[in-house]
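In the working numbering, the protein residues as written are 16 to 142.
Ideal Cβ positions, reconstructed from N, Cα and C, are used throughout, including at glycine.
Being a predicted model, the structure only gives us computed values, none of them experimental.
Everything on this sheet refers to the single structure shown next.
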């Protein structure tokens, strides 16, 4: 997919994985979407898990972006010294990873105060 030419006459061409190819029953061409945040947004809309409020939809995309950045930070730390320096990885987990986890857990902690135990969601009561 990540070529300079247009394979199979795809106008909105993905560069690389992750991407989805959805053969919707009501269309004659597949829908192709790339980039994790957009794939998650499309799937959540299609299966009915998109947050009801538009601002929550974008907050959900932000959470996906945070997860991507967290994994990127981990991979950068892991491969920074070609795997020879475990201290870089340890430093990531002792510092930056804790910040990411706090950011990702904060909405859950806030929402946990409003609902019964073991039923904590980011948005509404389904997501």
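key: Residues near residue 123 by beta carbon distance below 6 angstroms, same chain, minus five either side   = 135
message = Helix, strand or coil for residue 127? Go by DSSP, reduced to three states.
response = helix
inquiry  = Rounded to the nearest angstrom, what separates residue 130 and residue 119 at their Cα positions?
reply    = 18 angstroms
query = For residue 31, which of 47, 65, 41, 43 has the nearest alpha-carbon?
reply = 47
request  = Taking residue 139 as the reference, give the member of 117, 75, 39, 57 with the closest Cα.
outcome  = 75
Boundaries (first-last residue) of the alpha helix (DSSP H) holding residue 36 = Segment 34 to 37 is the beta strand (DSSP E) holding residue 36; no alpha helix (DSSP H) there.
Counted within 10 angstroms of its Cβ, other Cβ atoms place residue 92 as buried (16 or more) or exposed = buried
query = With 16 as the cutoff for other CB atoms within 10 Å, does residue 45 come out buried or exposed?
reply = exposed
query = If you draw a straight line from the alpha carbon of residue 38 to that of residue 49, how long is it in whole angstroms?
reply = 15 angstroms
inquiry  = Taking the beta carbon of residue 66 as the centre, do at least 16 other beta carbons fall within 10 Å, making it buried, or is it exposed?
reply    = buried
ask   = Whose CA, out of 40, 64, 114, 103, lies closest to the CA of residue 82?
value = 114
ask   = Quick one: what does DSSP say residue 47 is sitting in, helix, strand or coil?
value = strand
task = Could you pull the start and end residues of the alpha helix (DSSP H) that residue 74 belongs to?
result = 69 to 94
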